[in-house]
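*Asks:* Same order as they appear, the protein sequences are chains A and B. So the number in our numbering is just where the residue sits in the first sequence, counting from 1, plus 296. So the number in our numbering is just where the residue sits in the second sequence, counting from 1, plus 997. C-beta atoms are modelled at their ideal positions from N, C-alpha and C, and glycine is treated no differently. None of the values given here were measured: they were computed from a predicted structure. Below is the structure I would like to discuss, written out as structure tokens.
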Amino acid sequence: GGVGMATGSYVPPKAVWLPAMKAKGLEISGTFARRGGGIHMDLSLTNNAMSIMTDFAIQFNRNSFGLAPAGPLQVLTPLAQNQTIDVSLPLNTNGPIMKMEPLNNLQVAVKNNIDVFYFSCQYPISLLFVEDGKMDRQVFLATWKDIPSENETQYQIKDFHLNSDAASTKLQGSNVFTVAKRTVDAQDLLYQSIKLTNGIWALAELRIQSITPNYMLALKCRAPEVSQYICQCYELLLRN
Amino acid sequence: ELDDDLDEAFSRLAECRANP
Chain A
297 GGVGMATGSY VPPKAVWLPA MKAKGLEISG TFARRGGGIH MDLSLTNNAM
347 SIMTDFAIQF NRNSFGLAPA GPLQVLTPLA QNQTIDVSLP LNTNGPIMKM
397 EPLNNLQVAV KNNIDVFYFS CQYPISLLFV EDGKMDRQVF LATWKDIPSE
447 NETQYQIKDF HLNSDAASTK LQGSNVFTVA KRTVDAQDLL YQSIKLTNGI
497 WALAELRIQS ITPNYMLALK CRAPEVSQYI CQCYELLLRN
Chain B
998 ELDDDLDEAF SRLAECRANP
């Protein structure tokens, strides 16, 4: 963030999710953001058709974490030719659940006065990292021991130059909480916890060596299929 | 005392992970 801006959860840049040529002139670009403990789908709608667009509505297919619109898509005035409007759609996680492949895939239907259009997009799973995800230290140690080593996944995150304090601060902005830090043989080991909106916890050990620019990330989770998506988020959060 | 025990437990965990 710039001067005077609060640092917060990582927000990916908007991407084109629905090109105009596939939607009779409607172009949709968007991103996902976690703000003030809430989840938002931030959309830009552009009318590239020859007539005005009205009567917008949005619907999600069931998905892995129950993401659903928390209200209607608020497009209150007709969208004129060549006009773009920005809309922020609040989401909740109370929708129907179906495991998607990839896990963070979301299928969306958008309707207007012309037709119904469909597209898929993917959200960073850090969207689902909740604010009360700092695990008690005693519980962390017990959980770390209790989760079997088969449920541990290790990743190398290459070419980073942040020190452990900077990494810890950056990650905390997206609700990855450092529970403990230890230094052993010129390596900093950060023990971190993450809680997802569906109550799944992930425990992490981030190992930072001063002599190499590579981090080692070990993730322990009772639902190990989410680990690769959490690792992707570490990369994104640390690089942005 | 619990705090000291937890500090010690994290140190042991880190030691053990860094030097398996």
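Thinking C-alpha only, which one of Glu521/A, Ile393/A and Leu424/A is nearest valine 472/A?
*Replies:* Nearest of Glu521/A, Ile393/A and Leu424/A to valine 472/A, Cα basis: Leu424/A.
*Asks:* Going by beta carbon distance, what residues of the same chain come within less than 8 Å of lysine 466/A, once the five residues before and after it are set aside?
*Replies:* Counting only Cβ-Cβ distances below 8 Å, and skipping sequence neighbours, we find Leu458, Leu533 and Leu534.
*Asks:* Return the residues of the region 494-524 of chain A that lie within a Cβ-Cβ distance of less than 9 Å from chain B, sorted by chain order.
*Replies:* Here the close residues are Glu501, Arg503 and Ala514.
*Asks:* Spatial neighbours of cysteine 527/A within its chain, please: CB distance less than 8 Å, with the 5 preceding and 5 following residues excluded, ordered by chain position.
*Replies:* Taken in chain order, the residues that qualify are Thr449, Tyr451, Ile453, Leu513 and Leu515.
*Asks:* When you compare only the Cα positions, how much space is there between asparagine 401/A and glycine 362/A?
*Replies:* Each residue's Cα considered, the two are about 11 Å apart.
*Asks:* Would you mind telling me which residues of chain B sit closer than 8 Å to aspartate 481/A, beta carbon to beta carbon, in chain order?
*Replies:* Going along chain B in sequence order, the residues near aspartate 481/A (Cβ under 8 Å) are Ala1015 and Asn1016.
*Asks:* Give me, in chain order, the residues of the same chain whose beta-carbon lies closer than 8 Å to that of arginine 331/A; leave out the 5 immediate sequence neighbours on both sides.
*Replies:* If we look at arginine 331/A and ignore the five residues flanking it on each side, its Cβ neighbours are Gly304 and Ser305.
*Asks:* The region 465-476 of chain A: which residues have C-beta closer than 7 Å to a C-beta of chain B, in chain order?
*Replies:* So the close ones are Ala476.
*Asks:* Rounding to the nearest angstrom, what Cα-Cα distance links glycine 495/A and glutamine 488/A in this structure?
*Replies:* Computed Cα separation, rounded: 16 Å.
*Asks:* Pull up the DSSP beta-bridge partners for arginine 330/A, would you.
*Replies:* Paired residues: Ile335/A.
*Asks:* Please name the residue in Ser464/A, Ala319/A and Pro368/A whose C-alpha comes closest to that of histidine 564/A.
*Replies:* Because chain A spans 297 through 536 in this model, residue 564/A falls outside it and cannot be assessed.
*Asks:* Taking DSSP as the reference, what is the three-state secondary structure of tyrosine 530/A?
*Replies:* Of the three classes helix, strand and coil, the one that applies to tyrosine 530/A here is helix, per DSSP.
*Asks:* Could you check what DSSP says for lysine 320/A in three-state terms: helix, strand or coil?
*Replies:* If DSSP states are grouped into helix, strand and coil, lysine 320/A belongs with coil.
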